[in-house]
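Student:
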Amino acid sequence: MKFSDDIGGDSNLDVSAALAAGDSFIAAMEDDVDDTPVLKRSVTPAELRLVNKKVPIRYHEFKITNTAQKMLQSETISISNRGVMLNSAIPFSPGTILRVWVEMPDYWARKSRHVAYRHTNAPTYFQILSRVITCDDISKRTAKYQIFCENVNLDPVDETVLCEFLGVECPKRENSSRENSSRENLNREKQGSL
Numbered sequence: 015m016k017f018s019d020d021i022g023g024d025s026n027l028d029v030s031a032a033l034a035a036g037d038s039f040i041a042a043m044e045d046d047v048d049d050t051p052v053l054k055r056s057v058t059p060a061e062l063r064l065v066n067k068k069v070p071i072r073y074h075e076f077k078i079t080n081t082a083q084k085m086l087q088s089e090t091i092s093i094s095n096r097g098v099m100l101n102s103a104i105p106f107s108p109g110t111i112l113r114v115w116v117e118m119p120d121y122w123a124r125k126s127r128h129v130a131y132r133h134t135n136a137p138t139y140f141q142i143l144s145r146v147i148t149c150d151d152i153s154k155r156t157a158k159y160q161i162f163c164e165n166v167n168l169d170p171v172d173e174t175v176l177c178e179f180l181g182v183e184c185p186k187r188e189n190s191s192r193e194n195s196s197r198e199n200l201n202r203e204k205q206g207s208l
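Residue numbers for the sequence shown follow this note's numbering, beginning at 15 and rising by one.
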């Protein structure tokens, strides 16, 4: 079978020759791949500005199917808007993404000062997605691991609430025009009902 038969051209390129050329290109690409791992600079707790505060949390390796019953319970050793450090009964390898539910006292009362919407069932926690940086075995007799994580995803409003709770300065963010308009509408409704 000629390649020209499929494309309607006059080329006399044989399909087997094209496949052989493709195989040699792939083999050349595989030879160029370096097996040396890329070393990334590790993050330290000082860079993440962790605050020594015990906050109840639930955590587990990130999966869509995680429910409250599947999550493990613990307390933070230290936490910030940039990272979290906790003790765990099971080890997690570096690079693993953890889903962390932070169960802050009076969470919804704190968050409702920053948002224009209301809930009938007030949430008691917020979620952080964190990447495991280190997992150190800290107990010789029992399985206990100290896990240091860097936050990779945190809602900006929850970040503000967390910073206020910890008493630290939070990075300044510009509100979107949508947030501003919803806040203005809420303020008008409050003034109209007075």
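Beta carbons are placed, not taken as given, at the ideal position from N, Cα and C, and that holds for glycine. Keep in mind the model is a prediction, meaning the values are calculated, not measured.
Can you tell which of 176, 61, 182 has the C-alpha that lies nearest to the C-alpha of residue 122?
Tutor: Working through the sequence shown from its first residue, we reach residue 122 at position 108. Looking at the Cα atoms, 176 is the closest of the given residues.
Student: Skipping 5 residues on each side, what residues in its chain have a beta carbon closer than 7 Å to that of residue 129?
Tutor: In the sequence shown, counting from the first residue as 1, residue 129 sits at position 115. So the qualifying residues of the chain are 171.
Student: Determine, using beta-carbon pairs with one atom in the stretch 140–150 and one in the stretch 82–89, whether at least three such pairs fall under 8 Å.
Tutor: No, they do not touch.
Student: Does the distance from the CB of residue 63 to the CB of residue 182 come in under 8 Å?
Tutor: For this step, residue 63 is matched to residue 49 along the sequence shown. For this step, residue 182 is matched to residue 168 along the sequence shown. Against a cut-off of 8 Å, the Cβ pair of residue 182 and residue 63 comes out as a contact.
Student: In terms of residues, what are the limits of the beta strand (DSSP E) holding residue 163?
Tutor: For the purposes of this step, residue 163 is taken as residue 149 along the sequence shown, with counting starting at 1. Per DSSP, residue 163 belongs to the beta strand (DSSP E) from 159–168.
Student: Who are the near neighbours of residue 125 in its chain, counting only those whose CB is closer than 6 Å to its CB and skipping five residues on each side?
Tutor: Sequence index remark: in the sequence shown, residue 125 carries index 111 (1-based). Counting only Cβ-Cβ distances below 6 Å, and skipping sequence neighbours, we find 175.
Student: When you compare the CB positions of residue 98 and residue 180, do they come within less than 8 Å of one another, or not?
Tutor: Taking the sequence shown and counting its residues from 1, one reaches residue 98 at position 84. Taking the sequence shown and counting its residues from 1, one reaches residue 180 at position 166. No. Outside cutoff.
Student: Can you say whether residue 107 is buried or exposed, counting buried as having 16 or more other CB atoms within 10 angstroms of its CB?
Tutor: Taking the sequence shown and counting its residues from 1, one reaches residue 107 at position 93. The residue is exposed, with fewer than 16 neighbouring Cβ atoms inside 10 Å.
Student: Using 8 Å as the threshold, is the C-beta distance between residue 158 and residue 103 below it?
Tutor: Within the sequence shown, residue 158 is the residue found at index 144, counting from 1. Within the sequence shown, residue 103 is the residue found at index 89, counting from 1. Yes. Within cutoff.
Student: Beta carbon of residue 76, beta carbon of residue 112: below 8 Å?
Tutor: To locate residue 76, count along the sequence shown from 1; it is residue 62. To locate residue 112, count along the sequence shown from 1; it is residue 98. Their beta carbons are under 8 Å apart, which means residue 76 touches residue 112 by this criterion.
Student: Do residue 147 and residue 100 have their C-beta atoms within less than 8 Å of each other?
Tutor: Walking along the sequence shown from the start, residue 147 turns up at place 133. Walking along the sequence shown from the start, residue 100 turns up at place 86. Their beta carbons are not under 8 Å apart, which means residue 147 does not touch residue 100 by this criterion.
Student: On the DSSP letters alone, give me the boundaries of the beta strand (DSSP E) that residue 73 sits inside.
Tutor: Your numbering for residue 73 matches position 59 in the sequence shown. That run of the beta strand (DSSP E) goes 70–75.
Student: Between the Cα of residue 94 and those of 136, 67, 119, spot the shortest distance and give me the residue it belongs to.
Tutor: To locate residue 94, count along the sequence shown from 1; it is residue 80. Closest option to residue 94, Cα to Cα, is 67.
Student: What would DSSP say about residue 113, mapped onto helix, strand or coil?
Tutor: What you label residue 113 is simply residue 99 of the sequence shown in a count that begins at 1. Strand at residue 113.
Student: Hey, how far is the Cα of residue 81 from the Cα of residue 115?
Tutor: Translated into the one-based positions of the sequence shown, residue 81 becomes position 67. Translated into the one-based positions of the sequence shown, residue 115 becomes position 101. For residue 81 and residue 115, the distance between alpha carbons rounds to 11 Å.
Student: Taking the alpha-carbon positions, what's the residue 118 to residue 69 distance?
Tutor: Numbered from its first residue, the sequence shown carries residue 118 at position 104. Numbered from its first residue, the sequence shown carries residue 69 at position 55. Looking at the two C-alpha atoms, the distance is approximately 6 Å.
Student: Using 10 angstroms around the beta-carbon of residue 131, count the other beta-carbons present and answer buried if the total reaches 16, otherwise exposed.
Tutor: Within the sequence shown, numbered from 1, the residue matching residue 131 stands at position 117. So residue 131 ends up on the exposed side.
Student: Helix, strand or coil: how does DSSP classify residue 89 here?
Tutor: Within the sequence shown, numbered from 1, the residue matching residue 89 stands at position 75. In the structure shown, residue 89 sits in a strand (DSSP, three-state: E or B).
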